[in-house]
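For the sequence shown, UniProt numbering gives the first residue as 1, with consecutive numbering after it. Where a beta carbon is used, it is the ideal one built from N, C-alpha and C, also for glycine.
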Amino acid sequence: MKMSDEELELDLEGDLDVEDDDLDADLDDDSDSSKRGGILQSTSKRVRMIFSVMASPNRIDILRILNSKGPLTYSELKSLAGFKSKKESGKFAYHLRKLLRQSLVALNKSERRYTITNLGKLVLSLARQIEERSIIESGKMYVRTSHESIEEFNSHKIIQSLVREGSLPLELAQKITEEVENRIYKYQTTYLTGSLIREMVNSVLLEHGHEEYRNKLARLGLPVYDVQEMITNLDNVDNGAEGLLFKTGQRVFAEHLLTNILPKDVADSHLSGDLHIANPGVWSMIPDTVFVNVKELIEDGIDLGGKYLDVSRIPASKQLDEITSALSVVISLLSKEASQEIVLDGLVQLFSKHSKSLPELEQKLTAAFATASTTSKYNKSSTNVSIRLQLGSDTKIINSIINAYQNYAKITPIPKIGLIIDNEKGKITDVSEAVSEIISIGGKVMFAKGQTSSYGVTNGSTKSSGPLSIMLQSVSINLPRLAFESNKDETYFRARLALLMKPALSSMALRKKDISDLTRRGLNPILAKNTQYMQRSTVSLVINLVGLKEAVFNILGFKDNKEGHEILHKVIETAVDVGAKKGKELGDPVAICMTETESSTRFATLDGEKYGKNSSLNSMDGDSYSEGIEISASEISDYTNKSEPISECNKLSKLLNGGLFVTLKIAKDAKPAEIKKAIEKASELTTSFKPVQEIAICGECGFKDEPFDDKCPKCKSPYVV
């Protein structure tokens, strides 16, 4: 008669109680000698019984499962041990009874869960040692693989790998494998790993002159020393263990980009410092800047396709509570899908139906900004999230959004979200007072006419009816280096610029295809939006020019006068013309910009190391090359449209079809009233600018309500950022 699992378990518990009573009876003997003899005999018997337990792979498996999973119920343990059919129930109960009798497994009767005992752990460790020693003593070669297993060495797997991964002809693969196998048996290494075999294979390939095959088979990763250094120097790691894992992954994918994806001439140009590729770890995965209509996203809802564990779908939202909650989620998730910036349009239209409850709107919007302020970080700074407000539309809603942002800036030490004020169809005086207050407390604000990012990169696809525009702008060109290597020949300098741009743009076109393909397959679920959103988008390729002033004035030898500025304009025109021609060839719009990036400092450092810090490549401020235009707020009241700094700024803005980053430098002690006058004047003179004021923030308590230098007035902390 067959017993159910419940009956078998109860029978097992009763049998265990009997065994415990029998063992107690064996030890209750009055004679000391009988006790010693009985204990020795019992111990010897116990050891034999334990070794008999180890003889069964099923019982060792049960111990391993309990050791790794922790306490389990009878049914859980039975299933994990592979005894799934009813026919095997008795067999499982038999093995478990053996383990219980020898105290290798214990039963917690109150919780009805089985656990491995300390003796069971000792037996499991002994079994593992015996297994490893038997492998060594057998004389066979065993490999520790990258998928966490030990397998007997098989040379056919090397052949398969060479053909599958390296695309080697079968005959050549057999020849390389034979030589590698001879070396493995010759060295008689005691610890053979998959990575060691790969190193030997690559060494043999290089010796035979097969460098291309070797590059395909190279293992990507970090040296042991680098991993230890990363763990040791945790000051350079943000976001805990997740940040450490992300930094490691970025290193791997950056190496993959530079060795396997980019053409060698482009990769070498980046490594040598002729050009700079920002964020190489995610270069082929996500775009740099995305202009997106958030109204359509939130009102239609988004199916994320199970790509995020905590959010499966953002439902279509109509009520104020639903909209602000969805906005917070969209901001956080969208920041994962761009390396530099997300520009959100349509926020005013999104809240247009809620103009009757403005105080509630401001309160909920402040909370939404604060909740979403933890954005992704793919480089030294987090991905910017900017909310674009077009003046001249719904004034009440715009003022409510600005008020909400001001509240957010007050409670946030360093805001991750910013505002872009588009004053093309409205008056900046309508918002200048509130915006000046925001700037004075460390808020991030950009002023621009038309669609422009906070880095000054313009959206050249505004005429398109699509809801999404993508900028790929992570390639910068080192103009001082090109000028220095052109022997002060301005014509040759522009020819070298054209020669460098063409392969760089071809690589960016390939990047666009990679990103589009990965997005379609679900890597960027919001951008994909069931594959339709990406298809309706427009993608522009943007080249950034760095160090133009140093190249023309310091190195080519032209003076900072009318003639010199004409040469400077000529360089930009050359870049724009080359970009337009290459864009037609590639089928993608190409734009040229001068914006703020990390490349400026890198170029200046590399050139200083290569040519000496006293060479003519010295940057104008010593640490980095010029990137855009800087205007002093203290001097702007004296400027007119015809003033040289303003005239030159506007000329460059017209020439650069990808945008010009203009900084309005505000003094540290400037009051909101002074800031207000400066931004109103700047808006009359330029098309776009970003006010920048240094704000002291306490790194301990986040205090920033008033200017201070050395110590925080509130908590007296010396940690000032």
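### Message
As an exercise, report each continuous alpha helix (DSSP H) stretch of at least 4 residues that is fully enclosed by the stretch 109–179, in chain order.
### Response
With a minimum length of 4 residues, the continuous alpha helix (DSSP H) runs that stay inside the stretch 109–179 are 118–137, 155–166.
### Query
Would you say the stretch 271–281 touches the stretch 598–608, given that touching needs at least three Cβ pairs under 8 Å?
Contact holds between the stretch 271–281 and the stretch 598–608, because three or more Cβ pairs, one in each stretch, are under 8 Å apart.
### Query
Based on the DSSP secondary-structure assignment, which residues constitute the bridge partners of Thr289?
For the purposes of this step, residue 289 is identified with residue 289 of the sequence shown, where counting begins at 1. In the DSSP output, where bridge partners are listed per residue, Thr289 has Glu341, Met471.
### Task
Could you tell me whether the Cβ atoms of Lys665 and Ser632 are closer together than 8 Å?
Here residue 665 refers to the residue found at position 665 of the sequence shown. Here residue 632 refers to the residue found at position 632 of the sequence shown. Going by beta carbons, Lys665 and Ser632 fall inside the 8 Å limit.
### Message
Assess contact between the stretch 354–366 and the stretch 392–405, defined as three or more Cβ pairs (one per stretch) separated by less than 8 Å. Is contact present?
### Response
Note that the stretch 354–366 touches the stretch 392–405; at least 3 beta-carbon pairs, one per stretch, sit closer than 8 Å.
### DSSP state of Ile697 mapped onto helix, strand, coil
Within the sequence shown, the letter at position 697 stands for residue 697. Three-state result, Ile697: coil.
### Message
Suppose only complete runs of 4+ residues qualify. What are the alpha helix (DSSP H) ranges in the stretch 622–693, listed by chain order?
### Response
Whole alpha helix (DSSP H) segments, 4+ residues: 644–655, 672–685.
### Task
Would you check if there are 3 or more beta carbon pairs closer than 8 Å linking the stretch 311–331 to the stretch 360–372?
Put simply, the stretch 311–331 touches the stretch 360–372. At least three CB pairs are less than 8 Å apart.
#### Entry: Sequence-distant residues of the same chain with beta carbon closer than 8 Å to Val704, five excluded per side
In the sequence shown, residue 704 corresponds to position 704, counting from 1. In the sequence under discussion, the amino acid at residue 704 is Lys, which differs from the Val named in the question. In its chain, beyond the 5 residues on either side, Pro413, Ile441, Gly442, Ile695, Ala696, Ile697, Cys698 have a beta carbon closer than 8 Å to the beta carbon of Lys704.
### Query
Which one or two residues does DSSP pair with Gln406 in a beta bridge?
Position 406 of the sequence shown, counting from 1, holds the residue named residue 406. None, per the DSSP bridge assignment.
### Alpha carbon of Arg36 to alpha carbon of Lys45, nearest angstrom
Numbered from its first residue, the sequence shown carries residue 36 at position 36. Numbered from its first residue, the sequence shown carries residue 45 at position 45. The predicted position of Arg36 is uncertain, since its pLDDT is 47 and thus under 50; a value taken from the coordinates is nonetheless stated next. When the Cα atoms are used, Arg36 and Lys45 turn out to be separated by approximately 14 Å.
### Run of the alpha helix (DSSP H) containing Arg511, from where it starts to where it stops
Mapped onto the sequence shown, residue 511 falls at position 511. Taken as a continuous stretch (DSSP letters only), the alpha helix (DSSP H) holding Arg511 covers 490–520.
### Query
Can you name the residues that DSSP bridges to Leu192?
Looking up residue 192 in the sequence shown gives position 192. Under DSSP, the beta-bridge partners assigned to Leu192 are Val143.
### Query
Is the stretch 145–161 close to the stretch 74–86, with three or more CB pairs under 8 Å?
With contact defined as three or more Cβ pairs closer than 8 Å, the stretch 145–161 and the stretch 74–86 are not in contact.
### Query
Apart from the five residues just before and just after Lys463, which ones in its own chain have a Cβ nearer than 7 Å to its Cβ?
The count along the sequence shown starts at 1 and reaches residue 463 at position 463. Any answer about Lys463 is weak, because its pLDDT of 48 lies below 50 and its placement is not dependable; what the coordinates show is given next. Closer than 7 Å at the Cβ level, and outside the excluded window around Lys463, lies no residue.
### Task
Using 10 angstroms around the beta-carbon of Glu706, count the other beta-carbons present and answer buried if the total reaches 16, otherwise exposed.
Locating residue 706 in the sequence shown gives position 706, where the first residue counts as 1. Glu706 should be labelled exposed.
### Query
Is Gln147 buried or exposed, if buried means 16 or more other CB atoms sit within 10 Å of its CB?
The residue labelled residue 147 in the question sits at position 147 within the sequence shown. According to the sequence provided, residue 147 is His. The question's Gln does not apply to it. His147 should be labelled exposed.
### Query
What's the gap between the Cα of Ser68 and the Cα of Ser56?
For this step, residue 68 is matched to residue 68 along the sequence shown. For this step, residue 56 is matched to residue 56 along the sequence shown. Distance between the alpha carbons of Ser68 and Ser56: 19 Å.
### Query
Run through DSSP, which three-state label would Arg64 get?
Residue numbering aside, residue 64 sits at position 64 when the sequence shown is read from its first letter. Judged by DSSP in its simplified three-state form, Arg64 adopts helix.
#### Entry: Buried/exposed call for Leu480, threshold 16 Cβ in 10 Å
Here residue 480 corresponds to residue number 480 of the sequence shown, with the count starting at 1. Correcting the residue identity first, residue 480 is Pro in this sequence and not Leu. Label assigned to Pro480: buried.
#### Entry: Residue from Leu586, Tyr225, Val105, Lys109 with nearest C-alpha to Leu122
The residue given as residue 122 occupies position 122 in the sequence shown. For Leu122, the nearest C-alpha among the options comes from Val105.
### Selection from Ile62, His256, Leu304 that minimises the alpha carbon distance to Ser284
As a position in the sequence shown, residue 284 is number 284, starting the count at 1. When each option's Cα is compared against that of Ser284, the closest is His256.
### Nearest-angstrom beta carbon gap, Tyr378 and Val224 [assumed within contact, 8 Å]
If you number the sequence shown from 1, residue 224 lands on position 224. If you number the sequence shown from 1, residue 378 lands on position 378. The pair is not a contact, with the Cβ atoms about 26 Å apart (cut-off 8 Å).
### Query
What first and last residue would you give for the alpha helix (DSSP H) that runs through Ala368?
Numbered from its first residue, the sequence shown carries residue 368 at position 368. Counting along the chain, the alpha helix (DSSP H) containing Ala368 begins and ends at 358–371.
### Task
Would you identify the three-state DSSP class for Val53, choosing helix, strand or coil?
Within the sequence shown, the letter at position 53 stands for residue 53. Helix.
#### Entry: Close beta carbons around Glu299, own chain, < 8 Å, minus the five adjacent residues each side
For this step, residue 299 is matched to residue 299 along the sequence shown. Cβ neighbours of Glu299 beyond the five flanking positions: Ala316, Ser317, Lys318, Leu350.
### Query
From the DSSP output, which residues share a beta bridge with Gln390?
As a first step, residue 390 is located in the sequence shown; it is residue number 390 there, counting from the start. Paired residues: Asp422.
### Query
First and last residue of the beta strand (DSSP E) that includes Val435?
Numbered from 1 along the sequence shown, position 435 holds the residue referred to as residue 435. Unbroken run through Val435 is the alpha helix (DSSP H), 432–440; no beta strand (DSSP E).
### Message
Using the Cβ count rule (16 or more neighbours within 10 Å means buried), how would you classify Lys488?
### Response
The sequence position of residue 488 within the sequence shown is 488, counting from 1. By the neighbour-count rule (16 or more Cβ atoms within 10 Å), Lys488 is not buried but exposed.
### Message
Once the 5 residues before and after Ala25 are set aside, which same chain residues still bring their CB inside 7 Å of it?
### Response
As a working mapping, residue 25 is identified with position 25 in the sequence shown. With a pLDDT of 37 at Ala25, under the threshold of 50, the predicted position of this residue should be treated as unreliable, though the coordinate-derived value follows. Same-chain partners within the cutoff: there are none.
#### Entry: Run of the alpha helix (DSSP H) containing Ala483, from where it starts to where it stops
What you label residue 483 is simply residue 483 of the sequence shown in a count that begins at 1. Start and end: 479–484.
### Message
With a threshold of 8 Å, are at least 3 pairs of Cβ atoms found where one atom belongs to the stretch 184–191 and the other to the stretch 223–243?
### Response
The stretch 184–191 and the stretch 223–243 do not touch, with fewer than 3 CB-CB distances between them shorter than 8 Å.
### Message
For Thr574, report the span of its alpha helix (DSSP H) as first-last.
### Response
Along the sequence shown, read from residue 1 onward, the residue named residue 574 stands at position 574. Start and end: 562–586.
### Query
Hey, Asp422 and Leu389: beta-carbon distance below 8 Å or not?
In the sequence shown, the residue the question calls residue 422 occupies position 422. In the sequence shown, the residue the question calls residue 389 occupies position 389. It is a contact, given that the beta carbons lie within the stated cut-off.
### Query
Among all the DSSP beta bridges, which residues are the ones paired with Ser540?
Position 540 of the sequence shown, counting from 1, holds the residue named residue 540. The partner list for Ser540 (beta bridge, DSSP) reads Met471.
#### Entry: Bounding residues of the beta strand (DSSP E) (the contiguous stretch that carries Ala591)
Translated into the one-based positions of the sequence shown, residue 591 becomes position 591. In the DSSP assignment, Ala591 falls within the beta strand (DSSP E) that extends over 590–594.
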